[in-house]
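**Student:** Could you have a look at this structure, given as structure tokens, before my questions?
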Amino acid sequence: MAPEIFLKRHVISQRQTEALQTLLRAVLPANSFYAAKFEAAGAPSKVSLLGQFYDRFPFTTKAELAADQKANPIYGTNLTYPLERYTRCHQTSGTSGMPLRWLDTPESWEWMSGNWQTIFRAANVTREDTIFFAFSFGPFIGFWLAFEAALKLGCRCLPGGGMSTAARVRAILDHRATALCCTPTYALHLAEVAAAEKIDLTVSNVKTLIVAGEPGGSIPGTRAKLESLWPGARVQDHHGMTEVGPVTYECPVRPRVLHVMESAYIAEIIDPVTGAHVAACQPGELVLTTLGRLGSPLIRYRTGDLVRSALDTQCECGRSELALEGGILGRTDDMVCIRGVNVYPSAVEEILRAQGGVAEYRVQVSRRDALAEIAIQAEPDSSIADPAAFASRIEGALQTAFNLRIPVSAVPAGSLPRFEMKAKRWVQV
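Each residue of the sequence shown is one higher than the one before, counting from 1042 in our numbering.
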């Protein structure tokens, strides 16, 4: 097989500029949301350089989209074509605000399906694979896209909707599934239920765990636990959003590095406060422009995802696409400042998983007089004989990492909720 040829950085930028020009020609003036937005900002209708695009075009926020859909129910005005052109309707999960409804044309859907196929190929999934999709098929876009993209690759696809967790585990083994698609949290829960049901996962044929929806897929402790619970399987992380589609895939050479599909997106990393581009290796908010979703585009969309780019412009794998070290680090609205220390959910999870013995956990956030405090409830698994010592050990690890005393209490087995979709472990009390 001939070696894969990757585009150089300057070629990527040139093609992005050409695709951006095509996008703007389609959007203006047909899309009333962006036509009004760009006119108000004094943005030009044409661009010849990406630098001009960054300087002249405003950001788009989720709050704007929500306000537009509220004022113009039910789909808003971010539609480039007449309503009869749209054949798909999905909505966001609503974990960070009001759910957004999103329409797609067949052409936009085909574009996103192609991006999902890139994720599968990067994970070495081929037509020889049998993929189990361990989730209920609701209005969330990722489930449907992943399933249909796998069908296009020629894989055998097994939907897991309407099944109990135990039934899903048995189906994975009965059908000899070689790949599993779900959230990191649910992959952990599947293994937990398998142990409770005396189902031996060492006989599983699963070799690839394709996870998303949470930072866990790029957190070392969570990855290690997943791979220990699913012997012989390798975690493959990626990420996307209903509003933009599938965005990244895991580097085939460097685990915990996500490459942005820059043939499909213009990606920027900005300071969440100033909006200025940050230097390489500095954390910032990911901003995306969808180059192929012409029917319902997003232009300079502030995703709220915190990321950090790699220093090298060319990865060890040979790709020059933007590389995100550690995947998605967290959300701009998830960080909690505790006594002057910025505490991110992904950092807390890494510390907890690294201690071992954590079946599930919950972080309680309280605010008094504008000051935030957190406390952690940790549910020990069956390997823990002394829950009090277990809690004390975690407290010590948190103290070392953050130089903060964060109280940790051990709670009874099975007392904390389990999640099929995105886990909601951080709660306000």
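Glycine residues also receive a C-beta, built at the ideal position from the N, C-alpha and C atoms.
On a predicted model such as this, the values are computed, not experimentally measured, just so you know.
DSSP three-state label for alanine 1419, please.
**Tutor:** Strand.
**Student:** In or out: leucine 1144 buried (at least 16 other Cβ within 10 Å) or exposed?
**Tutor:** Classification for leucine 1144: buried.
**Student:** Which residues share a DSSP beta bridge with phenylalanine 1173?
**Tutor:** According to DSSP, phenylalanine 1173 bridges with Leu1199 and Leu1221.
**Student:** Count the other CB atoms, across all protein chains shown, that sit within 10 Å of the CB of phenylalanine 1431; report buried if there are 16 or more and exposed otherwise.
**Tutor:** Phenylalanine 1431 comes out buried.
**Student:** Taking the alpha carbon of glycine 1183 as the point to measure from, which residue in Cys1223, Arg1126, Asp1241 and Ala1208 has its own alpha carbon closest?
**Tutor:** Nearest of Cys1223, Arg1126, Asp1241 and Ala1208 to glycine 1183, Cα basis: Cys1223.
**Student:** Could you check where the alpha helix (DSSP H) with glutamate 1105 kicks off and where it finishes?
**Tutor:** 1103 to 1112 is the extent of the alpha helix (DSSP H) around glutamate 1105.
**Student:** Can you tell me whether alanine 1081 is buried or exposed? The criterion is at least 16 other CB atoms within 10 Å of its CB, across all chains shown.
**Tutor:** So alanine 1081 ends up on the exposed side.
**Student:** Whole-angstrom Cβ separation of valine 1406 and valine 1377, contact assumed at under 8 Å?
**Tutor:** The pair is a contact, with the Cβ atoms about 6 Å apart (cut-off 8 Å).
**Student:** On the DSSP bridge assignment, give the partners of glycine 1371 in chain order.
**Tutor:** DSSP lists Leu1347 as partners of glycine 1371.
**Student:** Less than 7 Å between C-beta atoms, sequence neighbours within five positions excluded: which residues of the same chain meet that for aspartate 1312?
**Tutor:** Counting only Cβ-Cβ distances below 7 Å, and skipping sequence neighbours, we find Val1319 and Gly1325.
**Student:** Tell me, which residues are paired with histidine 1456 by DSSP?
**Tutor:** Residue 1456 is actually serine in this sequence, not histidine. Per DSSP, none; premise fails for serine 1456.
**Student:** Is threonine 1289 helix, strand or coil by DSSP?
**Tutor:** Three-state DSSP puts threonine 1289 in a strand.
**Student:** At the level of alpha carbons, what is the spacing between threonine 1206 and valine 1234?
**Tutor:** Each residue's alpha carbon lies about 7 Å from the other.
**Student:** With DSSP collapsed to three states, give me the class of threonine 1146.
**Tutor:** Coil, per DSSP.
**Student:** Can you tell me the Cα-Cα spacing of methionine 1042 and cysteine 1358, whole angstroms?
**Tutor:** Residue confidence for methionine 1042 is low, a pLDDT of 48 falling below 50, so the modelled location carries little weight and cannot support an answer.
**Student:** Based on the DSSP output, what are the partners of valine 1382 in its beta bridges?
**Tutor:** Paired residues: Ile1379.
**Student:** Arginine 1459: which of Ala1308, Glu1268, Ala1400 and Val1294 sits nearest, CA to CA?
**Tutor:** Taking only the C-alpha atoms, the option nearest arginine 1459 is Ala1400.
**Student:** Name the DSSP bridge partner or partners of arginine 1056?
**Tutor:** Arginine 1056 pairs with nothing; no bridge assigned.
**Student:** Do the CB positions of valine 1404 and phenylalanine 1443 come within less than 8 Å of each other?
**Tutor:** No, the pair does not count as a contact, with Cβ atoms beyond the cut-off.
**Student:** Check tyrosine 1116 in the structure and name its three-state DSSP category.
**Tutor:** Coil at tyrosine 1116, not helix or strand.
**Student:** Between the C-alpha atoms of glutamate 1362 and threonine 1289, what's the straight-line distance to the nearest angstrom?
**Tutor:** Near 10 Å, if we compare the C-alpha coordinates of threonine 1289 and glutamate 1362.
**Student:** Rounded to the nearest angstrom, what separates threonine 1263 and leucine 1124 at their Cα positions?
**Tutor:** The straight-line gap from Cα to Cα measures roughly 43 Å.
**Student:** On the three-state DSSP scale, how would you describe aspartate 1241?
**Tutor:** Correct three-state label for aspartate 1241: coil.
**Student:** I think alanine 1220 touches valine 1247, with their Cβ atoms under 8 Å apart; what is that distance to the nearest whole Å?
**Tutor:** Confirmed, Cβ separation roughly 7 Å.
**Student:** What is the DSSP secondary structure of glutamate 1284, reduced to helix, strand or coil?
**Tutor:** Coil, per DSSP.
**Student:** For a quick check, are the C-beta atoms of glycine 1316 and phenylalanine 1098 less than 8 Å apart?
**Tutor:** No, the pair does not count as a contact, with Cβ atoms beyond the cut-off.
**Student:** State the Cα-Cα distance for the pair leucine 1445 and leucine 1439, rounded to the nearest angstrom.
**Tutor:** Whole-angstrom Cα-Cα distance: 7 Å.
**Student:** Answer yes if the segment 1147 to 1154 comes into contact with the segment 1162 to 1177, meaning at least three C-beta pairs across the two stretches below 8 Å, and no otherwise.
**Tutor:** Contact fails: fewer than three Cβ-Cβ distances are below 8 Å.
**Student:** Using DSSP bridges, identify the partner residues of tryptophan 1467.
**Tutor:** Note: tryptophan 1467 sits in a beta bridge opposite Val1404.
**Student:** Is DSSP giving asparagine 1072 helix, strand or coil here?
**Tutor:** Of the three classes helix, strand and coil, the one that applies to asparagine 1072 here is coil, per DSSP.
**Student:** Can you tell me whether proline 1421 is buried or exposed? The criterion is at least 16 other CB atoms within 10 Å of its CB, across all chains shown.
**Tutor:** Per the 10 Å Cβ criterion, buried.
**Student:** Could you tell me which residues DSSP pairs with glycine 1325 in its beta bridges?
**Tutor:** According to DSSP, glycine 1325 bridges with Val1348.
**Student:** What does the Cβ neighbour count give for glutamine 1057, buried or exposed, with the cut at 16 atoms within 10 Å?
**Tutor:** Under this definition glutamine 1057 is a buried residue.
**Student:** Identify every residue that forms a DSSP beta bridge with leucine 1299.
**Tutor:** In DSSP, leucine 1299 forms a bridge with Glu1291 and Leu1365.
**Student:** Suppose the cutoff is 7 Å on Cβ atoms and the five residues either side in sequence are ignored; what does the same chain contact list for proline 1225 look like?
**Tutor:** Same-chain partners within the cutoff: Val1252, Glu1255, Gly1257, Gly1258, Thr1263 and Leu1267.
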